[in-house]
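In this text, residue positions in the sequence shown follow this note's numbering: the first is 205, and each later residue adds one.
Cβ coordinates follow ideal geometry from the N, Cα and C atoms, glycine included.
Everything numeric in this text was worked out from a predicted model, so none of it was measured.
Taking it in order: structure first as structure tokens, then the write-up.
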Amino acid sequence: RFECPHWKKTNIPFNDFGSFIQFEVSHFSAYAGGDYVLNQTAGYYYDLFDDELGTASKTNTVISNSYVQFAKNLTETVSEEWNATWNNGYTGYGKDIAVDSNDRIIIAGISRSCSNCSDDFLIVKYDENGTELWNESIGSVNAGDTDSADGVAVDSNDNIITVGRNNTLWYIVKTYPNGTHIWDATYDGSGSYAKAVDVDSSDNIYVAGTSGAVGAENLTLRKYNSAGTFQCQGDYATPTSRDFGYGTAVD
């Protein structure tokens with residue numbers, strides 16, 4: 205059960221030996237129906253067998269060994285529920301994934317419809333059973349331009365925010381759950397691209413990526429409100445290095 209984080213919340217002293225966890229005797233007790241570790245001072249205990257975190261007071265049981273140890277559950281049986289493939293007649297691949305409140309799955313990636321065609325910005329949505337609901341490929345006006353959807357997130361209304369590149373521009377598009385466009389935005393950062401996106405509790409949007417000329421790139425973070433209005437930008441650059449933004453998260 206040690207893959208569950210509950211027992212860690214008790215702040216019980218332990219030693220981690222990789223394949224097993226070792227508890228000090230003074231923090232271990234046995235009782236009918238299972239064993240538990242506890243922090244008597246804080247009043248927390250964790251039932252090792254029932255996977256239960258509790259706050260009731262427990263009593264230590266004196267045992268002869270100096271330590272009590274339990275093997276970690278290092279393996280887990282995983283069974284595939286379904287799989288799905290997608291291509292636009294030639295090739296396509298996913299680069300990021302998000303899941304909405306209804307367990308609908310959104311994939312951001314790249315689509316190419318022929319061997320001589322350019323890459324297009326791709327969004328594909330599936331239901332919880334793997335049935336495709338809709339897809340959209342967005343390409344630049346100019347032939348030969350390279351487009352890519354690299355990051356995707358959902359807001360509190362399950363609207364979808366997808367970010368990437370439109371040739372040499374950042375490209376951000378927000379759609380309703382059914383794929384209808386709400387707004388899109390671009391940013392010209394001198395040969396830049398957006399790579400990741402996250403949304404806060406107020407549906408503000410944070411996009412991480414790169415801006416600047418090749419060889420002198422900056423890590424860039426841009427904030428937009430839920431209506432797509434630009435709010436602020438932060439850049440990080442080291443004098444003699446190339447800096448890239450590949451991920452972002454809000455707390």
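Open item on the list: Can you tell me whether Asn370 is helix, strand or coil according to DSSP?
Closed with: Here Asn370 carries a strand assignment [DSSP, helix/strand/coil].
Task: Span separating the alpha-carbon of Gly343 from that of Asn219 - done: 54 Å
Open item on the list: Taking DSSP's pairing of strands, which residues face Ser352 in a bridge?
Closed with: Arg369
- [ ] Take the Cβ of Ser406 as the centre, count every other Cβ of all protein chains shown within 10 Å, and call the residue buried at 16 or more, exposed below.
- [x] exposed
Task: Distance CB(Tyr410)-CB(Leu423) smaller than 8 Å - done: no
Task: Completely contained beta strand (DSSP E) runs for the stretch 282-323, where each covers 3 or more residues - done: 295-303 and 309-316
Open item on the list: Taking only three categories from DSSP, how would you classify Asp362?
Closed with: coil
TODO: Please work out which residues of its chain come closer than 6 Å, Cβ to Cβ, to Trp290, disregarding the five sequence neighbours upstream and downstream, and give them in chain order.
DONE: The residues are Gly296 and Val328.
Open item on the list: Using only CA atoms, which one of Val367, Trp374, Asn320 and Asn292 lies nearest to Trp338?
Closed with: Asn292
Open item on the list: By the DSSP assignment, the beta strand (DSSP E) with Glu340 in it spans what residues?
Closed with: Per DSSP, Glu340 belongs to the beta strand (DSSP E) from Glu336 to Ile342.
Open item on the list: Taking the beta carbon of Glu421 as the centre, do at least 16 other beta carbons fall within 10 Å, making it buried, or is it exposed?
Closed with: buried
Task: Spatial distance of Ala441 from Gly449 (CA atoms) - done: 11 Å
Open item on the list: Please tell me whether Gly383 and Ala412 are closer than 8 Å, where the distance is taken between their beta carbons.
Closed with: no
Open item on the list: Buried or exposed for Val454, going by 16 or more other Cβ atoms inside 10 Å?
Closed with: exposed
TODO: Would you kindly check if the distance between the Cβ of Ser322 and the Cβ of Asp349 is under 8 Å?
DONE: yes
Task: First and last residue of the uninterrupted beta strand (DSSP E) at Asp220 - done: Phe218 to Asp220
- [ ] With DSSP as the reference, label Thr265 as helix, strand or coil.
- [x] In this prediction, Thr265 has a pLDDT of 49, which is less than 50 and means its spatial position is unreliable; nothing more can be read from the coordinates.
TODO: Starting from the C-beta of Pro381, find all residues in its chain whose C-beta is less than 6 Å away, skip the five residues before and the five after it, and write them out in chain order.
DONE: Asp362
Open item on the list: If I measure Cβ to Cβ from Asn429 and keep anything under 7 Å in the same chain, skipping five residues before and after, which residues do I get?
Closed with: Asn408 and Gln435
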